[in-house]
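Have a look at the structure below before the remarks.
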Amino acid sequence: MAIPTETETPTEGGRDFIRDIIQDDLQAGRVAGVVTRFPPEPNGYLHIGHAKSICLNFGVAQEFGGRCHLRFDDTNPVKEEQEFIDSIQQDVRWLGFDWGVHLYHASDYFEQLYQWAVHLIRAGLAYVDDTAPEAMRAMRGTLTEPGQPSPYRDRTVAENLDLFERMRAGEFPNGARVLRAKIDMASGNMNLRDPVLYRILHAEHPRTGKKWCIYPTYDFAHGQSDAIEAVTHSICTLEFEDHRPLYDWLIEHLPVPARPRQYEFARLNIAYTVLSKRILTQLVSGGTVRGWDDPRMPTLAGMRRRGVPAAALREFVRRVGVARAYSVVDPALLDHCIREHLNAAAPRRMGVLRPLKLVIENWPEGHTEELEAVNNPEDPSAGTRLVRFGRELFVERDDFMENPPNKFYRLSPGREVRLRYGYLVTCRTAVKDASGEVVELRCTYDPATRGGNAPDGRKVQGTIHWVSAADALPAEVRIYNPLFTRPDPGAEGDVMADLNPNSLEVLAGCLVEPALARAATGEAVQFERQGYFCPDPESRPGALVFNRTIGLRDSWAKEQGGKGKPAGKR
Ligand code: ATP
Ligand code: MG
-18 MAIPTETETP
-8 TEGGRDFIRD
2 IIQDDLQAGR
12 VAGVVTRFPP
22 EPNGYLHIGH
32 AKSICLNFGV
42 AQEFGGRCHL
52 RFDDTNPVKE
62 EQEFIDSIQQ
72 DVRWLGFDWG
82 VHLYHASDYF
92 EQLYQWAVHL
102 IRAGLAYVDD
112 TAPEAMRAMR
122 GTLTEPGQPS
132 PYRDRTVAEN
142 LDLFERMRAG
152 EFPNGARVLR
162 AKIDMASGNM
172 NLRDPVLYRI
182 LHAEHPRTGK
192 KWCIYPTYDF
202 AHGQSDAIEA
212 VTHSICTLEF
222 EDHRPLYDWL
232 IEHLPVPARP
242 RQYEFARLNI
252 AYTVLSKRIL
262 TQLVSGGTVR
272 GWDDPRMPTL
282 AGMRRRGVPA
292 AALREFVRRV
302 GVARAYSVVD
312 PALLDHCIRE
322 HLNAAAPRRM
332 GVLRPLKLVI
342 ENWPEGHTEE
352 LEAVNNPEDP
362 SAGTRLVRFG
372 RELFVERDDF
382 MENPPNKFYR
392 LSPGREVRLR
402 YGYLVTCRTA
412 VKDASGEVVE
422 LRCTYDPATR
432 GGNAPDGRKV
442 QGTIHWVSAA
452 DALPAEVRIY
462 NPLFTRPDPG
472 AEGDVMADLN
482 PNSLEVLAGC
492 LVEPALARAA
502 TGEAVQFERQ
512 GYFCPDPESR
522 PGALVFNRTI
532 GLRDSWAKEQ
542 GGKGKPAGKR
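So for the sequence shown, the numbering used here puts the first residue at -18; every next one is plus one.
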């Protein structure tokens, strides 16, 4: 790859620093059991970065006999939608995890959070600030200069209680006032410079409707929700490290029922991949992709539609490991996990992506034979199936060359190849159309070679796949290439400028063997010699559509590595 990439190798048995901390806490009796949570904000679909967090949170709960909650962090009604809430649940289940009865929402706690805000006001630890947002930002100071106290910082408790109640009652417009914690405007940690706890937002919430027009911030909602649910280890990504002192300050100053602790790990980054929800949202709303589940998207819904098995994602996440050091993972590792899984599990079929007709001149007209084909050489229990062979077949256009180089072991005039599971055939002539394009191969076969071996032991190097003209089914095949051309999309400013114009190739007029009419949506099969493919949800009898899950060899990443070829050219 063009950029340095690194994979964290977890130590023995998938151990990592989070698991070490939990083990120590249990041994020392600091916690009685493990409770974690996965806290998505329902403002988009889950992506592979979330899979890392899901596998970690649900994984440690399973390993240590605890439980993991699914909690929607639904504190911003402006961006949150029911569609996202539904898709998140579907995706976590698909990934193989179950929260049981422990489905929660930050919005379940709005009343309690409000009461705790009142508690802080009474304790002189929170105040209503009327400063306009821009001015407030300017007064926060910088990393080298302390912030300036708001002129409203010393309001009386009574005045604060009154104003906060009226904020809740809807007396003020959006942005007119906020509730802030009263901590330290000179703190070296910007998050402690009187952070905002509540803002006014006249917006309907998917769950609480019009009940509220003030909403808690992430910082005020998160730790307190953890405490209510008795979460023991609140595991999040490193950008929240600087929020931890605030997390602890709130837990310390509120009469919460438990004392959760926050731990941070490095987020997953993958080269050539964008995992920012903001940009993924832009790709969807701008029509760059066909939706959140477009198979090019790094979303779980997109990968599922592309045919990526959940087990391959779990294995990928396991191999990446959990650490605190920044790293960018090579997408070849993900591809490897997908191939490894599909190689073991996917049934083999034959499909011809760019068909070229092949006629066996000495095969009797009207005669057909059923040949036995192995379903999966990696798994004898998968058995065999029958494929029909006849006088007219289709083979891959790429498997013929009129003037081949020496090492080309496939079809060319005078050369003999093996048709998979079938017979040895020798190419005699190539029929061309008026423009000189080869439109048909005329061949002969050796009737003594059924099954693909010559009785005289003569060597035939090449084996190619085929479909029979009489019963092959037409199909559209969609080939997906990386969405971005740079390992670090957006590094030069505009991420949209780094989009790969060839991220989708549609091949019409492909031909597949009849057994593929029964393939299940989203379940990948191997088209022999071509890669792994699965039926798209749009696939219909008579109008089959397959998505390429992944090719057999990682030609794309290799080519990109040294030569800097344009993406999508293979
Ligand atoms: P944003 O907060 O900007 O909308 P987000 O990606 O943080 O986006 P959340 O819904 O808040 O989205 O994420 C839920 C959980 O998933 C959080 O605990 C977050 O830390 C974790 N998470 C998000 N992205 C990654 C990633 N790339 N790697 C690991 N964990 C991630
Ligand atoms: Mg977040």
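Glycine residues also receive a C-beta, built at the ideal position from the N, C-alpha and C atoms.
Cutting at 8 Å between CB atoms, please list the residues of its own chain near aspartate 554, excluding the five before and the five after it. What the structure shows of the chain is the stretch from -18 to 551, and residue 554 is not part of that stretch, so it cannot be assessed.
Jot down the residue ranges of each uninterrupted beta strand (DSSP E) in the region 396 to 451, minimum 3 residues, whole runs only, in chain order. The region 396 to 451 contains these whole beta strand (DSSP E) runs: 397 to 400, 405 to 413, 419 to 426, 447 to 449.
Can threonine 218 be considered in contact with the ligand ATP, in the sense that its beta carbon sits closer than 7 Å to one or more heavy atoms? Threonine 218 Cβ: within cutoff of the ligand ATP.
Give the secondary structure of threonine 56 by DSSP, where H, G and I count as helix, E and B as strand, and everything else as coil. Here threonine 56 carries a coil assignment [DSSP, helix/strand/coil].
Short check: CB of proline 20 to CB of aspartate -3, under 8 Å? no
Does the ligand ATP have even one heavy atom less than 7 Å from the beta-carbon of proline 386? no
Have a look at Gly14, Ala13, Ser34, Val16 and flag the residue whose alpha-carbon is nearest the alpha-carbon of glycine 302. Ser34
So does arginine 174 have its beta carbon nearer than 7 Å to some heavy atom of the ligand FMN? The model on display carries the ligand ATP and the ligand MG but not the ligand FMN.
Does the beta-carbon of leucine 249, which I'm using as the reference point, lie nearer than 7 Å to any heavy atom of the ligand ATP? yes
The region 118 to 132 in contact with the region 225 to 239 per 3-pair CB rule at 8 Å: no
The region 505 to 517 contacting the region 327 to 341, beta-carbon criterion three pairs below 8 Å: Contact between the region 505 to 517 and the region 327 to 341 is present, because at least three Cβ pairs lie under 8 Å.
Whole-angstrom distance between arginine 287 and proline 516, CA atom to CA atom: 9 Å
I'd like to check one pair, valine 376 with leucine 559: are the Cβ atoms closer than 8 Å? The question about residue 559 has no answer, for the chain in this structure spans -18 to 551.
Environment of tyrosine 179 [buried if 16+ CB atoms lie within 10 Å]: So tyrosine 179 ends up on the buried side.
Pairwise C-alpha distance: arginine 277 and glutamine 63: Approximately 23 Å between the Cα atoms of the pair.
Can you give me the C-alpha to C-alpha distance between glycine 443 and isoleucine 2, rounded to a whole angstrom? 56 Å
Enclosing beta strand (DSSP E) for valine 177 [first to last residue]: 177 to 181
Distance, Cα to Cα, arginine 174 vs proline 127? 9 Å
State yes or no: is the C-beta of proline 516 nearer than 7 Å to some heavy atom of the ligand ATP? no
Is the distance from the Cβ of glutamate 457 to the Cβ of glycine 332 below 8 Å? no
Limits of the unbroken beta strand (DSSP E) element including glutamate 488: One point to set straight first is that residue 488 is leucine, not glutamate, in the sequence displayed. Where leucine 488 is concerned, the enclosing beta strand (DSSP E) starts and stops at 485 to 493.
Rounded to the nearest angstrom, what separates asparagine 24 and phenylalanine 389 at their Cα positions? 53 Å
Would DSSP call phenylalanine 465 helix, strand or coil? Strand, per DSSP.
Residues of its chain near asparagine 356, where Cβ-Cβ distance is below 7 Å and the 5 sequence neighbours each way are ignored: Pro328, Arg329, Ala363, Gly364, Thr365, Arg366
Cα-Cα separation between threonine 112 and leucine 101, rounded to whole angstroms: 20 Å
What first and last residue would you give for the beta strand (DSSP E) that runs through threonine 17? 16 to 19
Could you name the residues of the same chain whose beta carbon sits closer than 7 Å to that of tyrosine 307, not counting the 5 residues immediately before and after it, in chain order? Ala247
For proline 468, verify whether its CB is less than 7 Å away from any heavy atom of the ligand ATP. no
Should the region 247 to 256 be called in touch with the region 39 to 46, which here means at least 3 C-beta pairs below 8 Å? no
How would you call glutamate 397, buried or exposed, if buried means at least 16 neighbouring beta carbons within 10 angstroms? buried
Through-space distance from isoleucine 531 to glutamine 96, alpha-carbon basis: 53 Å
Please work out which residues of its chain come closer than 6 Å, Cβ to Cβ, to proline 470, disregarding the five sequence neighbours upstream and downstream, and give them in chain order. Val255, Val476, Asp479
Closer than 6 Å by C-beta to proline 547: which residues in its own chain qualify, once you throw out the five before and the five after it? Chain order, please. A caution first: proline 547 carries a pLDDT of 39, below 50, which makes its placement in the model unreliable, though a value can still be read off. No residues qualify anywhere along the chain.
Alpha carbon of leucine 400 to alpha carbon of tryptophan 447, nearest angstrom: Looking at the two C-alpha atoms, the distance is approximately 7 Å.
Where glycine 433 and tyrosine 426 are concerned, what is the direct C-alpha to C-alpha distance, given to the nearest angstrom? Looking at the backbone, the Cα of glycine 433 and that of tyrosine 426 are separated by about 11 Å.
Member of Gly371, Val368, Leu392 whose CA lies at the smallest distance from the CA of aspartate 633: One cannot answer for residue 633 here, as it falls past the ends of the chain, which runs -18 to 551.
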